[in-house]
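Enquirer: Pasting a structure here, questions to come.
Number of protein chains: 2
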Amino acid sequence: MAKELIFGHQNPDTDAIGTAIAYSYLQNKLGYDTEAVALGEANDETKYALNKFGFTAPRVIKTASNEVDAVMLVDHNEPQQSVSDIDKVKVTHVVDHHRIMNFNTADPLYYRAAPVGCTSTIMWQMYNEKEIEIPQDIAGIMLSAIISDTLLLKSPTTTDQDKEAVVSLANIAGVDYKEYGLKMLKAGTNIADKSEEDLIDLDAKSFELNGSNVRVAQINVVDLPEALERKDAFLKAMDEASKREGYDMFMLLITNILDSDSEALVVGSDESKAKFEKAFNAKLSDSEVKLPGVVSRKKQVVPPLTNAFEA
Amino acid sequence: MAKELIFGHQNPDTDAIGTAIAYSYLQNKLGYDTEAVALGEANDETKYALNKFGFTAPRVIKTASNEVDAVMLVDHNEPQQSVSDIDKVKVTHVVDHHRIMNFNTADPLYYRAAPVGCTSTIMWQMYNEKEIEIPQDIAGIMLSAIISDTLLLKSPTTTDQDKEAVVSLANIAGVDYKEYGLKMLKAGTNIADKSEEDLIDLDAKSFELNGSNVRVAQINVVDLPEALERKDAFLKAMDEASKREGYDMFMLLITNILDSDSEALVVGSDESKAKFEKAFNAKLSDSEVKLPGVVSRKKQVVPPLTNAFEA
Chain A
1 MAKELIFGHQ NPDTDAIGTA IAYSYLQNKL GYDTEAVALG EANDETKYAL
51 NKFGFTAPRV IKTASNEVDA VMLVDHNEPQ QSVSDIDKVK VTHVVDHHRI
101 MNFNTADPLY YRAAPVGCTS TIMWQMYNEK EIEIPQDIAG IMLSAIISDT
151 LLLKSPTTTD QDKEAVVSLA NIAGVDYKEY GLKMLKAGTN IADKSEEDLI
201 DLDAKSFELN GSNVRVAQIN VVDLPEALER KDAFLKAMDE ASKREGYDMF
251 MLLITNILDS DSEALVVGSD ESKAKFEKAF NAKLSDSEVK LPGVVSRKKQ
301 VVPPLTNAFE A
Chain B
1 MAKELIFGHQ NPDTDAIGTA IAYSYLQNKL GYDTEAVALG EANDETKYAL
51 NKFGFTAPRV IKTASNEVDA VMLVDHNEPQ QSVSDIDKVK VTHVVDHHRI
101 MNFNTADPLY YRAAPVGCTS TIMWQMYNEK EIEIPQDIAG IMLSAIISDT
151 LLLKSPTTTD QDKEAVVSLA NIAGVDYKEY GLKMLKAGTN IADKSEEDLI
201 DLDAKSFELN GSNVRVAQIN VVDLPEALER KDAFLKAMDE ASKREGYDMF
251 MLLITNILDS DSEALVVGSD ESKAKFEKAF NAKLSDSEVK LPGVVSRKKQ
301 VVPPLTNAFE A
């Protein structure tokens, strides 16, 4: 069987990288020949998790078709979030927990999606269904992915299935998930030694909303005032990125992981900003607005933006 | 929990109707409130199977949004094969074995697809994963769906998983699958008492191929010469349907289920016919051509047509 690459989305987070590693292990057990790779460097949080469970970061690729004819996707399906030459390879498998958008294939494929908090929760179910034993390190990296995506089970995307998976995986991994989880999340909140350009690209995704190219970035912090001291520099970096990449709107969600509140910074045309304000029923003041309780891009940001841009 | 409708594609076959019934039973066991319906009348083969296992044909609906806010799809995902107001309801679940095309959602959903011969094979796996006991009549209708889609496991779409499912389901249903299967398939081959207009619409699907609207219909027979005596009337009906519905090409695949060969009739522009000939590397003679061994629209017709229309 020809080798296939498995990867998550661009600007990978712990789910994108952790679930790729877990899926590759599972598929290889089932007779496939796969390698988990990544579409970017691991962030600090992911590095902490990889290190904790004894993994090295997956190799970073820029294109896939120079290596393989077929790939498997985790934690994404939208082509603009995938490898740059996704149209030149065949997608044979997808495991994801996002909406399906602009994902078209010529042939039938394996597709497994569920509206749960993390792709690793689906992966945990797949291991159980296939009755493949989960090694301790794989359990640890899947646990880390779920903690990351659900902000320690506090995000509104969290389902009972995520909670079950966390308890089961923490048991196999041999860690106290609350204690470990908070350490891991905090490892991802050190923004002091990173430039604004880097911070707005660490966990950023593009969405085509009714013809508009909308960028939504998110950073996790434990000290919101510290982050907002750099507001002008953030806005400048977002403005420059928008001009360079052609974004119609750029939104940065700065989330305090300790109290699950966020502050949003927004740059874009007056028309885009009006749509943003409509989406969240909130007025921007000097490009900034509080979004109390908003922590999930997928569940609390993209749907209202989609509705506002389509109205 | 609000009621949801479950249905397969337009011009329903035994998979579309049988798997909808089986999925509704499974989901209701899991706590959902669902009803299996159909987007058209059951054909003769499906009626035979429904009758054999004690089911009445599901209620036929033309629209969904007048009844429910949310639906579950089986055996299709492409919007033009679905209910006419699919854009007005939320799709919460899909179980399918086709390519994914033009299927976009605003929110995450349950999506389960695999490149196997029949949707009921995936459904059988889902019952097993959820450890829900399959009643005898549900096993019978799922068995019928797999026999129908795989032409008694002889279609090139057939996988080992389909074969396993057939053996397991036949055992639960208490039938000899070969004997029953041939009787069921033959029940669908009586074309004598149907008009050409009806026959070209019984099992027909539309595909958008690079901007062209291509219709592919299939009928199963046991006596190919009998069917070809009506060739001129078939061509006339296909031509009229094309003008009425705006098809750029209409292809009718007449398949002899006993020897797994087909004869194709084709109407359309010279340009479309040239693409057809390129797709199958075969010359049409008086709008007709033999396609030896071709029995699967999904695996042996749509992919070569897609390639030819996109070249």
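Taken in sequence, the protein lines are chains A and B.
Using UniProt numbering, you'd call the opening residue of the first sequence number 1 and step up by one each time.
Using UniProt numbering, you'd call the opening residue of the second sequence number 1 and step up by one each time.
C-beta: ideal position from N, C-alpha, C; glycine also.
Because the structure is a prediction, the values reported are computed rather than measured.
Please report the residue range of the alpha helix (DSSP H) in which A:Asp87 lies.
Expert: The residue labelled residue 87 of chain A in the question sits at position 87 within the first sequence. Element bounds for A:Asp87: n/a, residue is neither H nor E.
Enquirer: Identify the continuous alpha helix (DSSP H) that holds B:Gly181 and give its terminal residues.
Expert: To locate residue 181 of chain B, count along the second sequence from 1; it is residue 181. Looking at the DSSP string, the run of the alpha helix (DSSP H) that includes B:Gly181 is 177-187.
Enquirer: So what does A:Met251 bridge to, in DSSP terms?
Expert: Stepping through the first sequence from its first residue, residue 251 of chain A is reached at position 251. A:Val216, A:Val266, per the DSSP bridge assignment.
Enquirer: In this structure, what does DSSP give as the bridge partners for A:Glu4?
Expert: Here residue 4 of chain A is taken as the residue at index 4 of the first sequence, counted from 1. Within the DSSP bridge table, the entry for A:Glu4 names A:Thr34 as partners.
Enquirer: Where does B:Val91 land, buried or exposed, given buried means 16+ other C-beta within 10 angstroms?
Expert: Reading the second sequence from its first residue, position 91 is the one you call residue 91 of chain B. Its Cβ being crowded by 16 or more others within 10 Å, B:Val91 is buried.
Enquirer: Does the Cβ of B:Thr306 have 16 or more other Cβ atoms within 10 Å, making it buried, or fewer, making it exposed?
Expert: Here residue 306 of chain B corresponds to residue number 306 of the second sequence, with the count starting at 1. Answer is buried; the Cβ neighbour count reaches 16.
Enquirer: Closest to A:Phe39 by C-alpha separation, out of A:Phe7, A:Glu226, A:Gly31, would be which residue?
Expert: Here residue 39 of chain A is taken as the residue at index 39 of the first sequence, counted from 1. Checking the sequence, you will find Leu at residue 39 of chain A rather than Phe. Closest by alpha carbon: A:Phe7.
Enquirer: Relative to the C-alpha of A:Ala49, which candidate in A:Met72, A:Cys118, A:Tyr180, A:Gly31 has its C-alpha closest?
Expert: If you number the first sequence from 1, residue 49 of chain A lands on position 49. For the residues A:Met72, A:Cys118, A:Tyr180, A:Gly31, the minimum Cα distance to A:Ala49 belongs to A:Tyr180.
Enquirer: Do you know how far the Cα of A:Thr159 is from the Cα of A:Leu258?
Expert: Working through the first sequence from its first residue, we reach residue 258 of chain A at position 258. Working through the first sequence from its first residue, we reach residue 159 of chain A at position 159. C-alpha separation (whole angstroms): 20 Å.
Enquirer: How long is the line joining the alpha carbons of B:Asp203 and B:Lys275, rounded to whole angstroms?
Expert: Along the second sequence, one-based indexing puts residue 203 of chain B at 203. Along the second sequence, one-based indexing puts residue 275 of chain B at 275. B:Asp203 and B:Lys275: Cα-Cα distance of roughly 23 Å.
Enquirer: At the 9 Å Cβ level, is B:Thr105 part of the contact set with chain A, yes or no?
Expert: Taking the first residue of the second sequence as 1, we reach residue 105 of chain B at position 105. With 9 Å as the cut-off, B:Thr105 counts as an interface residue toward chain A.
Enquirer: Extract the residue ranges of the alpha helix (DSSP H) inside the region 51-132 of chain B, only unbroken runs of 4 or more that lie entirely within it.
Expert: 119-130
Enquirer: According to DSSP, simplified to helix, strand and coil, what is B:Ser24?
Expert: Numbered from 1 along the second sequence, position 24 holds the residue referred to as residue 24 of chain B. Reduced to three states, the DSSP call for B:Ser24 is helix.
Enquirer: Pull up the CB-CB distance for B:Ser144 and B:Met184, whole angstroms please, since I reckon it's below 8 Å.
Expert: Residue numbering aside, residue 144 of chain B sits at position 144 when the second sequence is read from its first letter. Residue numbering aside, residue 184 of chain B sits at position 184 when the second sequence is read from its first letter. Confirmed, about 6 Å.
Enquirer: Mind pulling the chain A residues with CB within less than 9 Å of B:Tyr111?
Expert: Locating residue 111 of chain B in the second sequence gives position 111, where the first residue counts as 1. Correct list: Val94, Asp96, Ile100, Tyr111, Arg112, Ala113, Ala114.
Enquirer: Compute the distance between the beta-carbons of B:Glu263 and B:Leu224, then report whether it is under 9 Å.
Expert: Position 263 of the second sequence, counted from the first residue, corresponds to residue 263 of chain B. Position 224 of the second sequence, counted from the first residue, corresponds to residue 224 of chain B. Cβ distance < 9 Å, so B:Glu263 and B:Leu224 count as in contact.
Enquirer: Identify the contact partners of B:Pro303 in chain A, using a Cβ-Cβ distance below 8 Å as the criterion.
Expert: In the second sequence, residue 303 of chain B corresponds to position 303, counting from 1. The answer, in chain order, is Ala106, Asp107.
Enquirer: Thinking just about the alpha-carbon of each residue, which of A:Thr189, A:Val37, A:Ala308 is nearest to the one in A:Phe55?
Expert: Numbered from its first residue, the first sequence carries residue 55 of chain A at position 55. Nearest C-alpha to A:Phe55: A:Val37.
Enquirer: Can you confirm whether the region 1-20 of chain B touches the region 99-106 of chain B when touching is taken to mean that 3 or more C-beta pairs between the two stretches lie within less than 8 Å?
Expert: no
Enquirer: Using the three-state DSSP reduction, which class does B:Asn256 fall into: helix, strand or coil?
Expert: As a first step, residue 256 of chain B is located in the second sequence; it is residue number 256 there, counting from the start. Strand.
Enquirer: Any idea what DSSP makes of B:Ser285, helix, strand or coil?
Expert: Reading the second sequence from its first residue, position 285 is the one you call residue 285 of chain B. The answer is strand: DSSP assigns B:Ser285 an E or B state.
Enquirer: Note the first and the last residue of the continuous alpha helix (DSSP H) segment covering A:Leu228.
Expert: For this step, residue 228 of chain A is matched to residue 228 along the first sequence. Residues 224-228.
Enquirer: Determine, using beta carbons only, whether B:Glu133 comes closer than 9 Å to chain A.
Expert: Position 133 of the second sequence holds residue 133 of chain B. No, because no Cβ of chain A sits closer than 9 Å to the Cβ of B:Glu133.
Enquirer: Can you list the residues of chain B that A:Glu129 reaches, using a CB-CB cut of under 8 Å?
Expert: Stepping through the first sequence from its first residue, residue 129 of chain A is reached at position 129. Going along chain B in sequence order, the residues near A:Glu129 (Cβ under 8 Å) are Glu129.
Enquirer: Around the C-beta of B:Val60, are 16 or more other C-beta atoms found within 10 angstroms, so that it is buried, or is it exposed?
Expert: By 1-based counting over the second sequence, the position of residue 60 of chain B is 60. Label assigned to B:Val60: exposed.
Enquirer: If you drop the 5 nearest sequence neighbours on each side, which residues of the same chain put their C-beta closer than 6 Å to that of B:Tyr138?
Expert: Residue mapping note: residue 138 of chain B aligns to position 138 of the second sequence, counting from 1. A small fix is needed here, since residue 138 of chain B is Ile in this sequence, not Tyr. Counting only Cβ-Cβ distances below 6 Å, and skipping sequence neighbours, we find Ala22, Tyr25.
Enquirer: Along the chain, where does the beta strand (DSSP E) containing A:Leu199 start, and where does it finish?
Expert: One-based indexing of the first sequence puts residue 199 of chain A at position 199. Premise fails: A:Leu199 lies in the alpha helix (DSSP H), 196-202, not in any beta strand (DSSP E).
Enquirer: Against A:Thr56, what residues of chain B qualify as contacts under a CB-to-CB distance less than 8 Å, listed in chain order?
Expert: As a working mapping, residue 56 of chain A is identified with position 56 in the first sequence. Correct list: empty, because the minimum Cβ distance to chain B is about 31 Å.
Enquirer: When DSSP labels each residue in this structure, what does A:Lys290 get in the three-state scheme?
Expert: Here residue 290 of chain A is taken as the residue at index 290 of the first sequence, counted from 1. Correct three-state label for A:Lys290: strand.
Enquirer: Quick one, are the C-beta atoms of A:Ile146 and A:Gly117 less than 9 Å apart?
Expert: The residue you call residue 146 of chain A lines up with position 146 of the first sequence. The residue you call residue 117 of chain A lines up with position 117 of the first sequence. Yes, these two residues count as a Cβ contact at 9 Å.
Enquirer: Taking CB distances under 9 Å as the criterion, tell me whether A:Asn307 reaches chain B.
Expert: Stepping through the first sequence from its first residue, residue 307 of chain A is reached at position 307. Output row for A:Asn307: interface = yes.
Enquirer: Buried or exposed: A:Lys205, going by 16 or more other Cβ atoms within 10 Å of its Cβ?
Expert: On the first sequence, residue 205 of chain A is found 205 positions in, with the first residue counted as 1. Taking all protein chains in view, the Cβ of A:Lys205 is crowded by 16 or more other Cβ atoms within 10 Å, so the residue is classified as buried.
Enquirer: Mind checking A:Leu30: buried by the 16 CB within 10 Å criterion, or exposed?
Expert: Along the first sequence, one-based indexing puts residue 30 of chain A at 30. With fewer than 16 Cβ atoms within 10 Å of its Cβ, A:Leu30 is classed as exposed.
Enquirer: What's the C-alpha gap between B:Tyr177 and B:Leu151?
Expert: Walking along the second sequence from the start, residue 177 of chain B turns up at place 177. Walking along the second sequence from the start, residue 151 of chain B turns up at place 151. Roughly 12 Å separates the two Cα atoms.
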